[in-house]
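Working notes, beginning with the structure itself.
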Amino acid sequence: MGLSIRFYLFAEDGLQSISQRVMMGLIRGKDAMPQYAGTKQKVADVILENEGKRPLRIERVQGSFLTFDDKGKVHKDLVASGFAALETGMALEEALKQPQTKIVDLTPKLNREKWERENRWTLSKDDLDAIADDIWRRKEASQPRIERAQGIAPKPPKVTYEAKEAIREIRTSLISIANKLQWLSEPALKGAAFEARENAKIEADGPLWLGIAAAADRYHEIQVRRRTGGASGTRLWR
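Residue numbers (this note's numbering): -9 to 228.
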């Protein structure tokens, strides 16, 4: 048994599914839906219990909102809503811990209820039936299928098994290169960066040498900052 999640958008033009790729892109601010710019849309997160790839039952459904800015992005509003959720939740929890008195401060409770009204909604039976119809393909052939909501970020290429194995081996080599560079002195790192750039000019794998030169520059910068009391090396890595 396992769990999976699906996302649905309840737009005026009908129910649409949102792929995990598009939803994660929206959440991280890397994707957008300009077709909904400047609007607030209902969405539902559906947690499914599965046997293998086959959905068995709906474990939980939560209705929430996506508030799109003028570019069709939701990241900033989600961050603000998340902070508000944490703040109101903690305030209510703290208030409930206080000893009961004749005068009760209802502010934490009211603030939390306000956040719930602005950020949550309850799905109707028809909404749940429409989702179930899509999950278990219960619609007849004559009925229109649920469309998939589209973002604008390009779909990444498929990472094949061969590619994953190659990346795994490359990562091992990169760790070895990093170990070589990080123990070099400042003059040695400066020289290594220069030599790597010279190699890049004449060798077929020039881009790889440029990457090594950039890494040597970064390690050199870290050492200089440590020696001069500047920012710590960890802050240089983004």
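From the three backbone atoms N, C-alpha and C, an ideal C-beta is built for every residue, glycine too.
No experiment lies behind these values; they were computed from the predicted model shown.
_Beta-carbon proximity list for ALA168, same chain, < 6 Å, skipping 5 on both sides_ = Nothing meets the Cβ criterion.
*Inter-residue Cα distance where the pair is TYR(-2) and VAL64*: If I take the Cα positions, the gap works out to 15 Å.
*What distance in whole Å lies between the Cβ atoms of GLU39 and LEU(-7), which are believed to be in contact at a cut-off of 8 Å?*
About 6 Å separates the two Cβ atoms, so the contact holds.
*In the DSSP assignment, what residue or residues form a beta bridge with ASP35?*
ASP35 pairs with PHE(-3), GLN52.
*asked:* If you follow the beta strand (DSSP E) that GLY4 is in, where does it begin and where does it stop?
replied: First-last of the beta strand (DSSP E) with GLY4: 4 to 8.
*May I have the straight-line CA-CA distance separating ILE48 from ASP35, to the nearest angstrom?*
For ILE48 and ASP35, the distance between alpha carbons rounds to 11 Å.
*Proximity to ASP207 [Cα-Cα], best of GLY219, THR218, GLN31, GLU185*: Comparing Cα positions, the closest option is GLU185.
*If you drop the 5 nearest sequence neighbours on each side, which residues of the same chain put their C-beta closer than 7 Å to that of SER132?*
Its pLDDT being 47, under 50, SER132 is placed unreliably by the model, and nothing is read from it.
*Please state if the CB of ALA190 and the CB of LEU232 are separated by a distance shorter than 8 Å.*
Because the chain spans -9 through 228 in this model, residue 232 falls outside it and cannot be assessed.
*Would you call the CB atoms of GLY141 and MET23 closer than 8 Å?*
The beta carbons of GLY141 and MET23 sit closer together than 8 Å.
*Measuring alpha carbon to alpha carbon, tell me which of LYS61, GLU83, PHE55, GLU84 ends up nearest ALA70.*
The candidate whose alpha carbon is nearest that of ALA70 is PHE55.
*Name the residue from ASP60, GLN172, ARG102 whose alpha carbon lies nearest to the alpha carbon of MET80.*
Selection ASP60, GLN172, ARG102 evaluated against MET80 yields ARG102 as nearest (Cα-Cα).
_So, for PHE136: in the same chain, excluding its five sequence neighbours on each side, which residues have a beta-carbon less than 7 Å away from its beta-carbon?_
Checking the displayed sequence, the identity of residue 136 turns out to be Ile instead of Phe. For ILE136, where only same-chain residues beyond five positions count, the Cβ hits under 7 Å are LEU5, GLN6, SER7, ASP124.
_Terminal residues of the alpha helix (DSSP H) in which GLY181 lies_ = Membership of GLY181 in the alpha helix (DSSP H) is indicated by the continuous run 176 to 192.
*Can you tell me whether DSSP reads LEU113 as helix, strand or coil?*
Three-state DSSP puts LEU113 in coil, outside helix and strand.
*Within this structure, are the beta carbons of TRP111 and GLY53 separated by less than 8 Å?*
Yes, the pair counts as a contact, with Cβ atoms nearer than the cut-off.
*Could you tell me the distance, in whole angstroms, from the CA atom of SER175 to the CA atom of ALA203?*
Distance between the alpha carbons of SER175 and ALA203: 15 Å.
*With 16 as the cutoff for other CB atoms within 10 Å, does ASP116 come out buried or exposed?*
Looking at its Cβ environment, which holds fewer than 16 other Cβ atoms inside 10 Å, ASP116 is exposed.
_By the three-class DSSP mapping on this structure, what secondary structure does THR150 have?_
Correct three-state label for THR150: coil.
*asked:* Just verifying my parser: in three-state terms, what is the DSSP assignment at LYS61?
replied: Reduced to three states, the DSSP call for LYS61 is coil.
*Just the C-alpha distance for MET(-9) and PRO45, rounded to the nearest angstrom, thanks.*
For MET(-9) and PRO45, the distance between alpha carbons rounds to 10 Å.
*asked:* I need the DSSP call for ARG241, collapsed to helix, strand or coil.
replied: The first residue shown for the chain is -9 and the last is 228, placing residue 241 beyond what the model contains.
*Hey, out of LYS43, ILE17, ILE37, whose CA is closest to ALA58's CA?*
Here residue 58 turns out to be Phe, not Ala, going by the sequence shown. With respect to the C-alpha of PHE58, the residue from LYS43, ILE17, ILE37 having the closest C-alpha is ILE17.
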